[in-house]
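Some notes on the structure that comes next.
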Amino acid sequence: MPVEQYRSCKTLEELWAEVYTLNRRIDPGNTLIPIVGNGQTKIPKAMFVFINPTIRNSSSSPSWKGPRFPFVGTRQVWGVFFRAGLFDEELYYRIKHGTDWSLGFTRAVLNHLKKRSFYFTNIVKWTGSDAALPSTKKIATFLPILQREIEIVKPKMIVTFGHIPFTHLTKKKIVFEEYYQKVMREDTISSFDCQVCPCDARVVPCYFPVGRGNPLRAVHILSKLAPVLQ
Numbered sequence: 004m005p006v007e008q009y010r011s012c013k014t015l016e017e018l019w020a021e022v023y024t025l026n027r028r029i030d031p032g033n034t035l036i037p038i039v040g041n042g043q044t045k046i047p048k049a050m051f052v053f054i055n056p057t058i059r060n061s062s063s064s065p066s067w068k069g070p071r072f073p074f075v076g077t078r079q080v081w082g083v084f085f086r087a088g089l090f091d092e093e094l095y096y097r098i099k100h101g102t103d104w105s106l107g108f109t110r111a112v113l114n115h116l117k118k119r120s121f122y123f124t125n126i127v128k129w130t131g132s133d134a135a136l137p138s139t140k141k142i143a144t145f146l147p148i149l150q151r152e153i154e155i156v157k158p159k160m161i162v163t164f165g166h167i168p169f170t171h172l173t174k175k176k177i178v179f180e181e182y183y184q185k186v187m188r189e190d191t192i193s194s195f196d197c198q199v200c201p202c203d204a205r206v207v208p209c210y211f212p213v214g215r216g217n218p219l220r221a222v223h224i225l226s227k228l229a230p231v232l233q
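Residue numbers (our numbering): 4 to 233.
See below:
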């Protein structure tokens, strides 16, 4: 579905209504709630684009009553952001030592993202029961929603995690090993044009920060961005 199908959505709330409708149509048996974008929703310093949510996100439960955003109830990603200088020490200490993600604590994390002018989202807004990568069909289905999301949010910078969001936003392929070595050698970040929607934001590639990616190298790349994101 081309992005034009979503141009009538003028707000994120209208776009999320389309996400919920789409999920019911393509996977009516899935009881997990799709995780939409959240954080600073108007011209954030950075939009961080991950791949797809999983059942490990506590807010994917239908019984969840609080705000929904990527990585609610998990630990590793918040550790990567903390070590890169992009997350609050006290909040991370509580996450690291097993603090229950109560509604109050979840709101505190979300408020911290807003305070830092960060916005978290996924390219695929469908929640799976495992950490498998989304199919090509699912990516094509949800990419126009991300395109419209970028147009509405208007981020100043887009940071993509892993090959999937980077390739689909820039229409380029990247060898992360070569990119990483260049970043470390030159002590500077290279960025790329976003090719799929009209926006001024440049796209910065980063290793995926958990599991299938490289958390340590993600820390190294994100730490290079910390001075401009303070």
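Yeah, the Cβ is synthetic: ideal placement off N, Cα and C, and Gly gets one too.
All values derive from a computational prediction rather than experimental measurement.
For the beta strand (DSSP E) that contains residue i, what are its first and last residues?
i: T24; result: T24 -> not in any beta strand (DSSP E); alpha helix (DSSP H) instead, spanning 15–29.
i: R205; result: 205–209
i: A49; result: 49–53
i: T124; result: 121–125
Let's see if you can read the secondary structure: which residues bound the alpha helix (DSSP H) around residue i?
i: I153; result: 139–156
i: Y182; result: 179–189
i: R220; result: 218–232
Look at the alpha carbon of residue i and the alpha carbon of residue j, and state the distance between them as a whole number of angstroms.
i: P218; j: T170; result: 20 Å
i: G88; j: L225; result: 8 Å
i: R205; j: I155; result: 16 Å
i: V162; j: K48; result: 10 Å
i: K2; j: I167; result: A query on residue 2 cannot be resolved here, the shown segment of the chain reaching from 4 to 233 and no further.
i: L149; j: K140; result: 15 Å
i: D30; j: S132; result: 13 Å
i: P5; j: R151; result: 10 Å
i: A229; j: V222; result: 10 Å
i: P70; j: V213; result: 22 Å
i: T173; j: P201; result: 12 Å
i: T44; j: K118; result: 11 Å
i: C197; j: T124; result: 16 Å
i: V127; j: M187; result: 30 Å
i: I46; j: S138; result: 30 Å
i: I38; j: R10; result: 21 Å
i: F108; j: E7; result: 38 Å
i: R215; j: A134; result: 9 Å
i: V207; j: P73; result: 19 Å
i: C209; j: E92; result: 22 Å
i: I98; j: H115; result: 14 Å
i: G76; j: K13; result: 30 Å
i: S2; j: S105; result: The question about residue 2 has no answer, for the chain in this structure spans 4 to 233.
i: V231; j: K157; result: 17 Å
How close, in whole Å, do the beta carbons of residue i and residue j come, if the pair is a contact with beta carbons under 8 Å?
i: T130; j: I36; result: 6 Å
i: F164; j: F121; result: Contact doesn't hold; Cβ gap of about 13 Å is too wide.
i: S50; j: I153; result: One detail in the question is off: residue 50 reads as Met in this sequence, not Ser. Right, the Cβ-Cβ distance comes to about 7 Å (below 8 Å), so this counts as a contact.
i: L113; j: G40; result: Not quite, the Cβ-Cβ distance comes to about 12 Å (not below 8 Å), so this is no contact.
i: Y95; j: G82; result: 7 Å
Tell me the DSSP secondary structure of residue i in three-state form.
i: N114; result: helix
i: V80; result: helix
i: G101; result: coil
i: F195; result: strand
i: V213; result: coil
i: T109; result: helix
i: T163; result: strand
i: T44; result: coil
i: T57; result: strand
(request) Inspect the CB distances between the region 172–182 and the region 16–31 and report whether three or more fall short of 8 Å. (result) The region 172–182 makes no contact with the region 16–31, as fewer than three CB pairs between them are under 8 Å.
(request) Would you check if there are 3 or more beta carbon pairs closer than 8 Å linking the region 53–65 to the region 184–201? (result) No, the region 53–65 is not in contact with the region 184–201.
(request) Take every Cβ of the region 8–19, pair it with every Cβ of the region 79–99, and state whether three or more of those distances are shorter than 8 Å. (result) Put simply, the region 8–19 does not touch the region 79–99. Fewer than three CB pairs are less than 8 Å apart.
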